[in-house]
Amino acid sequence: MKTSPRPVRQPDVISFDPAGFEDACADLMRQVNGDFRPDALIAVPTGGLHVAEAMARSAGDRLPVLSMTCRRASTAAKNRLAGLKALAARLPRPVADRLRVFEHALLTQRARSAPAAPYIFDPQELSRLRAWLSGAGGRVSLLIVDDAVDSGVTLHHVLEAVRGLAPSTAEIRSAVITVTTPRPLARPHYALHQGQLCRFPWSLDA
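Quick note, the sequence shown lines up with residues 67 to 272 if you use our numbering.
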């Protein structure tokens, strides 16, 4: 059922321009369609929404894209680093890459050591998902989409929430561009890269 992600060791950071990002999302969609045909894409904003929309475009815009925002403990830390990222955008790319690797290690460590806290979902997004599911039938296939899995905590909570909303006969899988850590709490069914950091077109240090 699962497609093994392609192991990539170098470089430490892959930078996607808009065209390269579209190609990567099309590759991910083809990987998914190798053994799974989703009826809808459930995107985890912000990055996951960009990925899901690009995947839908590669499929001819035939797939609905639904958002499912999940607030996590590291969001505040990431916001505090926004100024550093903006500065990094003006630095030589090798230096910016090293800063990105450092940031990833810092945030991943914080996520592992942070005490358990409730995860909050957007009520309007949950309502739209319920409405879509009510008209989709019982044997629906859903693909949860994000840009990256780090600790895997966000994906774990989104999977649990979708399972709680969808009928028991639904098939639910997940897909990301990259898995950045070796043992995430939840591992996606599909990933283009393993152990690889990615700089996307919307990244503050792009």
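We treat Cβ as the ideally placed atom computed from N, Cα and C, and that holds for glycine. A quick note: this is a predicted structure, and the numbers were derived from the prediction, not measured.
{"Check": "Roughly how many angstroms lie between the CA atoms of Ala-66 and Cys-91, to the nearest whole one?", "Outcome": "Shown here, the chain extends from 67 to 272; a query on residue 66 therefore has no answer."}
{"Check": "Which same chain residues, not among the five before or five after Asp-188, have their C-beta less than 8 angstroms away from its C-beta?", "Outcome": "Ser-133, Met-134, Thr-135"}
{"Check": "Kindly indicate which three-state DSSP category Leu-258 falls into: helix, strand or coil?", "Outcome": "strand"}
{"Check": "From Arg-196 to Gly-203, what does the alpha carbon distance come to, in whole angstroms?", "Outcome": "12 angstroms"}
{"Check": "Where does the unbroken beta strand (DSSP E) through Val-131 begin, and where does it stop?", "Outcome": "131-133"}
{"Check": "Please confirm if the region 212-223 is in contact with the region 103-113, defined as three or more CB-CB distances below 8 angstroms between the two stretches.", "Outcome": "yes"}
{"Check": "Assuming Glu-237 contacts Ser-207 under a Cβ cut-off of 8 angstroms, what Cβ separation, rounded to an integer in Å, is found between them?", "Outcome": "5 angstroms"}
{"Check": "Looking at the structure shown, is Arg-251 part of a helix, part of a strand, or coil, going by DSSP?", "Outcome": "Reading off the sequence, residue 251 comes out as Leu, not Arg. In the structure shown, Leu-251 sits in coil (DSSP, three-state: anything other than H, G, I, E or B)."}
{"Check": "What is the DSSP secondary structure of Asp-213, reduced to helix, strand or coil?", "Outcome": "strand"}
{"Check": "Output the distance between the C-alpha atoms of Met-121 and Met-95, rounded to the nearest integer angstrom.", "Outcome": "6 angstroms"}
{"Check": "Is Ser-240 closer than 9 angstroms to Gly-255 when the C-beta atoms are compared?", "Outcome": "The sequence given here places His at residue 255; Gly does not occur at that position. Closer than 9 angstroms, so yes."}
{"Check": "With C-beta atoms as the reference, is Pro-233 less than 9 angstroms away from Leu-199?", "Outcome": "yes"}
{"Check": "Buried or exposed, going by whether 16 or more other CB atoms sit within 10 Å of the CB of Arg-265?", "Outcome": "buried"}
{"Check": "Between Asp-212 and chain B, is there a C-beta pair that is closer than 9 angstroms?", "Outcome": "You won't find chain B in this structure, because it holds only one protein chain."}
{"Check": "Would you tell me roughly how many angstroms separate the C-alpha atoms of Thr-246 and Gly-86, rounded to the nearest one?", "Outcome": "19 angstroms"}
{"Check": "Looking at the secondary structure, which residues open and close the beta strand (DSSP E) in which Thr-244 lies?", "Outcome": "237-245"}
{"Check": "Helix, strand or coil, according to DSSP, for Ser-124 in the structure here?", "Outcome": "helix"}
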